[in-house]
Amino acid sequence: QQQVKQSPQSLIVQKGGISIINCAYENTAFDYFPWYQQFPGKGPALLIAIRPDVSEKKEGRFTISFNKSAKQFSLHIMDSQPGDSATYFCAAGWGYGQNFVFGPGTRLSVLP
Amino acid sequence: EPEVTQTPSHQVTQMGQEVILRCVPISNHLYFYWYRQILGQKVEFLVSFYNNEISEKSEIFDDQFSVERPDGSNFTLKIRSTKLEDSAMYFCASSRDGNYGYTFGSGTRLTVV
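If you read the protein sequences in the order shown, they are chains A and B.
Under the numbering used here, the residues of the first sequence are numbered 1 to 112, in order.
Under the numbering used here, the residues of the second sequence are numbered 113 to 225, in order.
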């Protein structure tokens, strides 16, 4: 019940295209859903996050869509750039102090 | 921008030896965490620490692991008797108030041989 599923495992997108990564969870106690971006040799960096009381959040080229009834959320990267090539992790947390459960990651490659 | 600093960046140790991984969280943060990432796999929660005590730990965090905040700035993870399967990237993270996504360090790559 604490698992977070993520797909696809890898994604190749042309420059300027839209990258879409999907996640699903089961534990309805989760109340915070961040996305992290990780470059090789670096720690995960918080990209954007959403709480279940909103259905969408946009920051620049990055948008989270959240479907509470389906227990799914997704990351959309508009106008994808080669510099976006990284591994993306969705995560879910609950309670104050937020111990996150991470998805298995999606390796995104944006071709120039 | 404030950073979480981890040292060393890479540590090689013999199986059965003790290792201490060190972290300096962001100075005004109150919540501290250790996660690990086995090569190519997902990030896994180990332990969270608040108000000088463990607030939550995972099943991975067994009696071989311990954490400490020995002074006002450092946060350490000790593995008492390392096993081959402890080889991973260990990430420290900190959070200001525990209610938002937190900041990760760049990690320590632990290799147990």
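Each residue gets a CB set at the ideal place from its N, CA and C atoms; glycine is no exception.
- For the pair Pro34 (chain A) and Gly217 (chain B), the CB atoms are not nearer than the 7 Å cut-off.
- Identification of chain B residues near Leu11 (chain A) by a Cβ-Cβ cut-off of 8 Å yields none; the smallest Cβ-Cβ distance measures about 16 Å.
- The alpha-carbon of Asp53 (chain A) is positioned some 21 Å away from that of Gln3 (chain A).
- Secondary structure at Gly93 (chain A): strand, using DSSP grouped into helix, strand and coil.
- Listed in chain order, the positions of the segment 42-61 of chain A with a beta carbon within less than 8 Å of a beta carbon of chain B are Lys42, Gly43, Pro44, Ala45, Leu46 and Ala49.
- For the pair Thr194 (chain B) and Val155 (chain B), the CB atoms are not nearer than the 7 Å cut-off.
- Around Ser139 (chain B), the same chain offers Pro114 and Ser185 as residues with beta carbons nearer than 8 Å, after the five sequence neighbours per side are excluded.
- Chain order gives no chain B residues near Pro40 (chain A), where near means a beta carbon separation below 8 Å; the closest approach is about 11 Å.
- With a beta-carbon spacing of about 16 Å, Arg134 (chain B) and Thr215 (chain B) fall beyond the 8 Å limit used to define contacts.
- Ile64 (chain A) is classed as buried because its beta carbon has at least 16 other beta carbons within 10 Å across all chains shown.
- One thing to note: Gln176 (chain B) has its Cβ no nearer than 7 Å to the Cβ of Ile166 (chain B).
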